[in-house]
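**Student:** Would you mind keeping the following structure in view while I ask a few things?
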Amino acid sequence: MTTLPLTEFENTAPLSKPPSSTDIFFDKAFRGLTYTFTLATILLLGYIVFEIGGKALPAFSDYGIGFLTSTTWDVNAGQFGILPEIWGTLYSSILALIIGGFFGITIAIFLTQDFLPYNVEMVLKTIIELLAAIPSVVYGLWGIFCLIPLIRPLADFLNETLGFIPFFSTSLSGPGLLPAALVLAIMILPTVAAVSQDALRSIPHKTKEAAFGMGTTRWEAILRVMLPTASTGIFGALVLGFGRALGETMALAMLVGNSNQISLSLFSPANTLAALLALNFPEAGELETPVLMYAACVLLLITLVVNIAGSLIMASTSSGVKR
Amino acid sequence: MNTPITLTETIRLPNLERQPMEPRALKSIVLSAITVTAAVTACIPLFSVLIMLIYRGGKRLSLEIFYALPPTAFEMGGGFGNAIVGTLFMVGIASVISVPFGVLAAVYLAELGPYSRVSQIARFCAKTMTGLPSILAGVFAYAAVVLVMGSYSAWAGGIALSLLMIPVVMLTAEEAIKMVPQSMKDAALGMGCTPSQSMVKVVLPVAIPGIITGVVLAVARAAGETAPLLFTALFSDYWLQANEPTASLAVLIYNYSGMPFDNQIELAWTASLVLVLMVLVLNVVSRIIGRRKKI
Numbered sequence: 001m002t003t004l005p006l007t008e009f010e011n012t013a014p015l016s017k018p019p020s021s022t023d024i025f026f027d028k029a030f031r032g033l034t035y036t037f038t039l040a041t042i043l044l045l046g047y048i049v050f051e052i053g054g055k056a057l058p059a060f061s062d063y064g065i066g067f068l069t070s071t072t073w074d075v076n077a078g079q080f081g082i083l084p085e086i087w088g089t090l091y092s093s094i095l096a097l098i099i100g101g102f103f104g105i106t107i108a109i110f111l112t113q114d115f116l117p118y119n120v121e122m123v124l125k126t127i128i129e130l131l132a133a134i135p136s137v138v139y140g141l142w143g144i145f146c147l148i149p150l151i152r153p154l155a156d157f158l159n160e161t162l163g164f165i166p167f168f169s170t171s172l173s174g175p176g177l178l179p180a181a182l183v184l185a186i187m188i189l190p191t192v193a194a195v196s197q198d199a200l201r202s203i204p205h206k207t208k209e210a211a212f213g214m215g216t217t218r219w220e221a222i223l224r225v226m227l228p229t230a231s232t233g234i235f236g237a238l239v240l241g242f243g244r245a246l247g248e249t250m251a252l253a254m255l256v257g258n259s260n261q262i263s264l265s266l267f268s269p270a271n272t273l274a275a276l277l278a279l280n281f282p283e284a285g286e287l288e289t290p291v292l293m294y295a296a297c298v299l300l301l302i303t304l305v306v307n308i309a310g311s312l313i314m315a316s317t318s319s320g321v322k323r
Numbered sequence: 001m002n003t004p005i006t007l008t009e010t011i012r013l014p015n016l017e018r019q020p021m022e023p024r025a026l027k028s029i030v031l032s033a034i035t036v037t038a039a040v041t042a043c044i045p046l047f048s049v050l051i052m053l054i055y056r057g058g059k060r061l062s063l064e065i066f067y068a069l070p071p072t073a074f075e076m077g078g079g080f081g082n083a084i085v086g087t088l089f090m091v092g093i094a095s096v097i098s099v100p101f102g103v104l105a106a107v108y109l110a111e112l113g114p115y116s117r118v119s120q121i122a123r124f125c126a127k128t129m130t131g132l133p134s135i136l137a138g139v140f141a142y143a144a145v146v147l148v149m150g151s152y153s154a155w156a157g158g159i160a161l162s163l164l165m166i167p168v169v170m171l172t173a174e175e176a177i178k179m180v181p182q183s184m185k186d187a188a189l190g191m192g193c194t195p196s197q198s199m200v201k202v203v204l205p206v207a208i209p210g211i212i213t214g215v216v217l218a219v220a221r222a223a224g225e226t227a228p229l230l231f232t233a234l235f236s237d238y239w240l241q242a243n244e245p246t247a248s249l250a251v252l253i254y255n256y257s258g259m260p261f262d263n264q265i266e267l268a269w270t271a272s273l274v275l276v277l278m279v280l281v282l283n284v285v286s287r288i289i290g291r292r293k294k295i
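Chains as they are written, first to last, in full-length UniProt numbering: chain A, 1 to 323; chain B, 1 to 295.
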């Protein structure tokens, strides 16, 4: 065994050394940079609200609250009101939420409650997630050329036989509320399904085992134990899906029919705030731009409230589950 | 004195065999059937869209569409090379803005000050921004860029798209950085690294697959967005000029879907096919990268 002479170590610089001043400077600069961008995120959201709100200010002082309750939209007469758009936005979103929510939650149950082998579960989960990846403009195109011809016979049949019910009181002339809401439902389904799945998966295994131990059937366990336990998370999923539906633009601009009317009928054309913006902004003149900014403000406000409510609900569940 | 139990004595037990016609079991079976039906029904639109895209869009798929310009109303043939270039260019701008922004903010959120007031508010803002309707990103970019610059441009389109990418990149990068084992971070600090050295030399390289997954997903989402481009980039029938209105695949599909001319509707389907292929490939890529990360 050979020993190295001590002098060999004494002559080399120590392996560890305190951070040099360059290191300290770099550290401070890097921390500052990351802090700046974090702060910038907050400022960015603030700037978005400020910019849209600021540009809407002239219209706000001109039309006031009456803007929200008036139903005419006449550029030449200078009369603007967005009540039909608010109605259409809420109506189509609620309809989409009912359809998409039902399918989304059912799929979440199907994928989390051991109906399928793990591998099949993952494949199906991926397929549902890919639904979300398809751009909404493609869904719009599909809606125009495939969905509308497909549901037209059904819509005509319902109108002829059940026309006395307000929901079926008009015939489907092409674009309308129902095709728009159906496409909207397809688009929010992945969101609802994914978030509900997270809520159901975060329930500890023991909970379900205890239910089975009590002698429940699978569905008694799901309906009386799993769903109530995950209910806050599922509710959050629905609220987030609702937020998505409110702001969705292209599918609605292409399918909803863009007609300024308030009707209960599922087959009548309608309009939404986002579709109004999409269609009118490119050709808006001096007079119309602030009005559209006002409409954008209303949409921003509605979606912000819904989304903040959604993320607050989600936050409360995730902190509750971790325990 | 105990009496021995004789074998002939029968013990009365309830029937423990499964009774499919019993109400409780029947209810369970019916509900299961409904669930399976719903899940299968939900997959129909996806396959319907894909089949229609291949059937109607596949007809026109040729090299011409990649280098030709869009046709005018009564012209036959044509393509949308300029829209592909425009989409790539604007998504590129959006990525250049949003990737550094998102990753640097995520570093702070995940490591440098995870529980500070600023982090909590910023995280909340980012989550809120993921729910921001895409059309409002367009309205904002219109007010902040188009009105200031005085013209519709690819820059405005890219900035509008970046608003949608930033929160996605940021939140996924934060998760990816948090996934890096604490022992690695501790080891780096134990070697005498400053926090930022440990971030740049150890944590970020380890977290990179997760970060790339998020970036690719954000890019895929941005490539398909139409609403923010409607009045920031507008549309153009000519090749890309960054300071002029710029074509994109998504806006081309939207514009041509309402046209009465078969040629343009066919092009809309082909453009959809190209766009969906792009988006799906990006999604698959992100999944492959994300899977490798776990091993």
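Glycine included, C-beta positions come from ideal geometry on N, C-alpha and C. Here the structure is a predicted model, which is why all the values come from computation and not from measurement.
1. Determine whether the Cβ of residue 181 of chain B lies closer than 7 Å to any Cβ atom of chain A.
2. Enumerated in chain order, which unbroken segments of the alpha helix (DSSP H) with a length of 4 residues or greater are wholly contained in the region 48-78 of chain B?
3. DSSP three-state call for residue 261 of chain A: helix, strand or coil?
4. Hey, does residue 140 of chain B have any beta-carbon neighbour from chain A nearer than 7 Å?
5. According to DSSP, is residue 113 of chain A helix, strand or coil?
6. Hey, does residue 250 of chain A have any beta-carbon neighbour from chain B nearer than 7 Å?
7. Starting from residue 179 of chain A, trace the alpha helix (DSSP H) both ways and give me its first and last residue.
8. Restricting to runs no shorter than 4 residues, where is the alpha helix (DSSP H) found entirely within the region 161-196 of chain B?
9. Go through the region 204-234 of chain A residue by residue and report every complete run of the alpha helix (DSSP H) that reaches 4 residues or more, in order.
10. Would you call the region 277-284 of chain B in contact with the region 180-200 of chain B, where contact means no fewer than 3 C-beta pairs closer than 8 Å?
11. Going by C-alpha to C-alpha distance, which of B:208, B:159, B:171, B:162 sits closest to residue 180 of chain B?
12. Name the DSSP beta bridge partners of residue 80 of chain A, please?
13. Starting from residue 257 of chain B, find everything on chain A with Cβ-Cβ shorter than 7 Å and list it in chain order.
14. Just to confirm before moving on: does the CB-CB distance between residue 246 of chain A and residue 272 of chain B stay below 7 Å?
15. Just mark residue 15 of chain B as buried or exposed, buried being the case when its beta carbon has 16 or more other beta carbons within 10 Å.
16. What is the DSSP secondary structure of residue 270 of chain A, counted as helix, strand or coil?
17. Would the beta-carbon of residue 75 of chain A fall within 7 Å of that of residue 288 of chain A?
18. One question on the structure: do residue 258 of chain A and residue 279 of chain A come within less than 7 Å of each other, judged by their Cβ atoms?
19. In chain A, which residues lie less than 8 Å from residue 194 of chain B when you measure between Cβ atoms?
20. Got a sec, what are the start and stop residues for the alpha helix (DSSP H) residue 243 of chain B sits in?
21. Looking at chain D, which residues of the region 263-284 of chain A have a Cβ within less than 7 Å of any of its Cβ atoms?
22. Run down chain A in chain order and give the residues with a C-beta less than 8 Å from the C-beta of residue 118 of chain B.
23. Which chain A residues sit within Cβ distance under 9 Å of residue 36 of chain B?
24. Going by CA-CA distance only, name the one from B:238, B:195, B:221 that's closest to residue 167 of chain B.
25. What residues of chain A sit near residue 269 of chain B, judged by a beta carbon separation below 9 Å?
26. Using a Cβ-Cβ distance under 7 Å, would residue 201 of chain A count as near chain B?
27. Would you decide whether residue 265 of chain A is buried or exposed? Buried here means 16 or more other CB atoms lie within 10 Å of its CB.
28. When you compare each of B:87, B:256, B:211 to residue 100 of chain B by their alpha carbons, which one comes out closest?
29. Can you find a CB in chain B that lies within less than 7 Å of the CB of residue 93 of chain A?
30. Of the residues that make up the region 236-249 of chain A, which ones have a beta carbon closer than 8 Å to any beta carbon in chain B?
31. Spatial neighbours of residue 258 of chain B within its chain, please: C-beta separation below 8 Å, excluding the five flanking residues on both sides.
32. Under 8 Å: do the region 57-69 of chain A and the region 237-253 of chain A share three or more Cβ pairs, one atom per stretch?
33. Does any residue of chain B have a CB that is nearer than 7 Å to the CB of residue 55 of chain A?
34. Give a yes or no on whether 7 Å exceeds the smallest Cβ distance from residue 329 of chain A to chain B.
35. Roughly how many angstroms lie between the CA atoms of residue 206 of chain B and residue 80 of chain B, to the nearest whole one?
**Tutor:** Once the coordinates are examined:
1. no
2. 64-67
3. coil
4. At a cut-off of 7 Å between beta carbons, residue 140 of chain B contacts chain A.
5. If DSSP states are grouped into helix, strand and coil, residue 113 of chain A belongs with coil.
6. yes
7. 177-201
8. 182-190
9. 205-213, 218-221
10. no
11. B:208
12. A:73
13. 140, 141, 144, 254
14. No, Cβ-Cβ distance for residue 246 of chain A and residue 272 of chain B is not below 7 Å.
15. exposed
16. In the three-state reduction of the DSSP assignment, residue 270 of chain A falls in the strand class, which pools E and B.
17. Contact flag set, yes.
18. yes
19. 19, 23, 24, 26, 27
20. That residue, residue 243 of chain B, is in no alpha helix (DSSP H); it is neither H nor E in DSSP.
21. The structure shown has no chain D; the protein chains it does contain are A and B.
22. Under a criterion of Cβ atoms nearer than 8 Å, the residues of chain A adjacent to residue 118 of chain B are, in order, 35, 38, 39, 42.
23. The contacting residues are 110, 115.
24. B:221
25. Those within 9 Å of residue 269 of chain B in chain A are 141, 145.
26. no
27. buried
28. Put simply, of B:87, B:256, B:211 the residue whose alpha carbon is nearest the alpha carbon of residue 100 of chain B is B:211.
29. Chain B contact via Cβ: absent.
30. 240, 243, 244, 246, 247, 248, 249
31. none
32. Using a C-beta cut-off of 8 Å, the region 57-69 of chain A makes no contact with the region 237-253 of chain A, since fewer than three inter-stretch Cβ pairs fall below that distance.
33. Chain B, which has a Cβ nearer than 7 Å to the Cβ of residue 55 of chain A, makes this yes.
34. Because chain A in this structure spans residues 1 to 323, residue 329 of chain A falls outside the shown range and cannot be described.
35. 40 Å
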